[in-house]
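First residue of the sequence shown? That's 0 in numbering that gives the first Met the number 0, and the numbers climb one at a time after it. Here is the structure we will look at.
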Amino acid sequence: MRTFAYCRVSTTEQTTQNQIIAIRQKGYDVSDSRVVSETVSGSVEAMKREQFKCLLITKWKRVIC
Numbered sequence: 000m001r002t003f004a005y006c007r008v009s010t011t012e013q014t015t016q017n018q019i020i021a022i023r024q025k026g027y028d029v030s031d032s033r034v035v036s037e038t039v040s041g042s043v044e045a046m047k048r049e050q051f052k053c054l055l056i057t058k059w060k061r062v063i064c
């Protein structure tokens with residue numbers, strides 16, 4: 000099974016690294032090429048987040064970002 004991870008932070012002062020570590024510590028085998036990260040406010044709707052949309056489009060196999 001292909002596993003992807005979506006990690007988001009709100010500011011450029013934050014990092015997604017702790018989220019990636021936590022995902023892997025839970026036993027998910029996510030390669031670096033399948034980690035999708037972005038810096039965007041949590042108030043922005045999911046489908047208005049570029050990397051989130053990319054992740055869904057990849058799942059639908061239409062395009063790979």
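From the three backbone atoms N, C-alpha and C, an ideal C-beta is built for every residue, glycine too.
Does the Cβ-Cβ distance between residue 5 and residue 54 come in under 7 angstroms? As a first step, residue 5 must be located in the sequence shown, where it is residue number 6. As a first step, residue 54 must be located in the sequence shown, where it is residue number 55. Going by C-beta atoms, residue 5 is nearer than 7 angstroms to residue 54.
Taking the continuous alpha helix (DSSP H) assigned at residue 21, which residues delimit it? Numbered from 1 along the sequence shown, position 22 holds the residue referred to as residue 21. It spans 16-24 - the alpha helix (DSSP H) in which residue 21 sits, taken as one unbroken run.
Looking at C-beta atoms only, is the number of pairs between the segment 45-54 and the segment 9-16 that lie closer than 8 angstroms three or more? no
Nearest residue (CA-CA) to residue 42, options 3, 9, 23: As a position in the sequence shown, residue 42 is number 43, starting the count at 1. The option with the nearest alpha carbon to residue 42 is 9.
If distances are taken between C-alpha atoms only, which option among 28, 7, 30 comes closest to residue 38? If you number the sequence shown from 1, residue 38 lands on position 39. Answer by Cα proximity: 7.
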